[in-house]
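Contents: one structure, followed by commentary.
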Amino acid sequence: MSPSGIRRIPVLFAAALAIAIGCGLLATWRDFSEPNWETFTDMDRGPASISQSRSAFFADGLSMRVPPAGTVPVDLAPFPYPPGGTGRTLAGRGLANPLPPTFPVLARGRELYERFCDHCHGPWGAGDGAVAVREPALGYALNGQASRALSDGEIFHLVTFGRAAMPGHAAQIPREDRWRIVHYLRALQREANPEEAPLPLLTPQERTKTTSWVARGKTLYTRNCQACHGEEGRGGVPNPNYLKATVPALDLVAERMFVGSSDDAQGILVLLAEGRGLPDAKEPPYPLYSATVAKYQSIRQVILDGNEAGRKDPAGREPPLHMPVWRGRLSEEDVDSLVAYFLTLYPWEEEDE
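For what it's worth, the numbering used here labels the leading residue of the sequence shown as 8, then goes sequentially.
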């Protein structure tokens, strides 16, 4: 190859490189106001209808169809009472609480009240919540005469739409839960005004169930447990060289199970009598309920599988009384009825004073 030909090689190479770069840049350039090349056009870039134009699909030219009379959205029950004082008055006349004031209803109502209402109205409905301490105008008392004079329907309307500085809670709280709050508010009002008739926490059917369930537990206790744990679970039976000197008492089982009130105990009795078991409760009825369930399961295990009495003096003789194994001799329902009976042994009257 001649010298001149050799000198032309870098020039040709540079020219080819420049052409390649130019073609690459040209290939990447596109008008971003237009779609890229596509084999099939995306649906979101289909031909748009002209705004306010008539539809050719329906004879009346309308695209949106008018729902038949009486149609309501899915999961939305009709509520024919508008916001404001007139609607509240009508709701007071036309609405009644559809839920019974049972323990689970009140427990759920308390949970919701503490979440949505406590901060302004206070834990007992006295209008002394944390927010009201800083802004007294927000501290409306719910346990006074004015609130007690409202019907359940009026209170439900207020929870739904709000009033003055209070916002409506329809978007946050489902309809049945709002009725649960109404029941719990009534319980707070009765707590502040004990001269009124007490609020029944159990329906007659529930009371019949729990009474028979507790009676069953008492019969089993008298036959199988009383000789060691004492009459009505008061304990005091000597057990030499046992860690605690006497066989444990059972009249404070409710306290060990973190059951804080007779109302909570009644709710547990309902769950046990219905055969659902404490772990099966859909909603924790009070803050320490998980601790109650854990202790309940522990008590059941001790009853079914027994427990050896520990020695106070390791070198001393074995305590004569041990917790025997009842598995196979007592059914799970029998054990639950015993637990129900234990809860009734607690001195709730003294606790409530």
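Every residue gets a Cβ at the ideal spot worked out from N, C-alpha and C, and that includes glycine.
Given the structure is predicted, the values throughout are model-derived calculations rather than measurements.
Identified DSSP bridge partners for residue i
| i | result |
| --- | --- |
| R170 | M173 |
| P245 | T253 |
| N104 | Answer is none; N104 lacks a bridge partner. |
Supposed contact pair residue j and residue i - C-beta distance, whole angstroms, cut 8 angstroms
| i | j | result |
| --- | --- | --- |
| G274 | A256 | Actually they are not in contact, since the Cβ atoms of G274 and A256 sit about 24 angstroms apart, beyond 8 angstroms. |
| E161 | G99 | 4 angstroms |
| L278 | L285 | 6 angstroms |
| T293 | G335 | A small fix is needed here, since residue 293 is Tyr in this sequence, not Thr. Y293 to G335, Cβ: 34 angstroms. No contact. |
| T6 | G242 | Residue coverage of the chain in this structure runs from 8 to 360, which leaves residue 6 outside it and unanswerable. |
| Y348 | G169 | Not really, about 46 angstroms apart at Cβ, beyond 8 angstroms. |
| G136 | H128 | 6 angstroms |
| I306 | V346 | 6 angstroms |
| A194 | W131 | The Cβ separation is near 10 angstroms, so there is no contact. |
| G134 | Y120 | The Cβ separation is near 14 angstroms, so there is no contact. |
| K319 | L227 | Incorrect: roughly 30 angstroms between the Cβ atoms, too far for contact. |
| P247 | P326 | 6 angstroms |
| T299 | M264 | 5 angstroms |
Three-way DSSP call (helix, strand, coil) for residue i in this model
| i | result |
| --- | --- |
| L337 | strand |
| Q196 | helix |
| I162 | helix |
| S58 | coil |
| I28 | helix |
| P205 | In this prediction, P205 scores a pLDDT of 47, lower than 50, which makes its location untrustworthy; the coordinate-derived value is nonetheless stated afterwards. P205 falls in the coil class under three-state DSSP. |
| Q233 | helix |
| C124 | coil |
| L19 | helix |
| I180 | coil |
| T3 | Past the edges of the chain, shown from 8 to 360, lies residue 3, and the structure says nothing about it. |
| A156 | coil |
| G240 | helix |
| W186 | helix |
| P111 | helix |
| T96 | helix |
| L69 | coil |
| W131 | coil |
| L83 | coil |
| Y88 | coil |
| Y147 | coil |
| A137 | helix |
| G274 | helix |
| E118 | helix |
| A280 | helix |
| L285 | helix |
| L227 | helix |
| E262 | helix |
| A222 | helix |
| S269 | helix |
Neighbourhood of residue i by C-beta, 8 angstroms cutoff - its chain only, sequence neighbours within 5 removed
| i | result |
| --- | --- |
| A156 | none |
| V332 | L311, D312 and G313 |
| H164 | Y88, G94, R95, A98, G99 and L102 |
| A172 | A144 and L145 |
| I180 | L119, F123, V166 and I188 |
| A84 | R182 |
| L328 | C235, V244, N246, Y249, V254 and A316 |
| L208 | For L208, the predicted model reports a pLDDT of 49, less than 50, meaning its position is unreliable; a value from the coordinates is still stated below. Within the same chain, L208 has close Cβ partners P108, T109, F110, L113, D270, Q273 and G274. |
| I26 | none |
| E340 | G282 |
| V342 | R307, I310, L311 and W333 |
Own chain residues within Cβ distance below 6 angstroms of residue i, not counting five before or after
| i | result |
| --- | --- |
| W186 | N104 and L106 |
| L350 | A261 and A272 |
| A204 | With a pLDDT of only 47 at A204, under the threshold of 50, the placement of this residue in the model should not be trusted; the figure read from the coordinates follows. Excluding residues within five positions, none has a Cβ falling inside 6 angstroms. |
| I57 | none |
| G31 | none |
| A301 | none |
| R79 | In the sequence as displayed, the identity of residue 79 is Val instead of Arg. The residues are P85. |
Cβ neighbours of residue i in the same chain (closer than 7 angstroms, five flanking residues each side left out)
| i | result |
| --- | --- |
| V112 | L106, R187 and H190 |
| L259 | Y353 |
| P90 | F168 |
| V309 | M330 |
| A63 | none |
| L69 | S62 |
| S158 | G99 |
| R324 | N248 |
| V81 | none |
| V138 | H126, C127 and L145 |
Problem set entry | Continuous alpha helix (DSSP H) assignments of at least 4 residues falling wholly in the stretch 287-356 | Under the rule that a run must span 4 or more residues, the alpha helix (DSSP H) segments found entirely inside the stretch 287-356 read 296-312 and 339-352.
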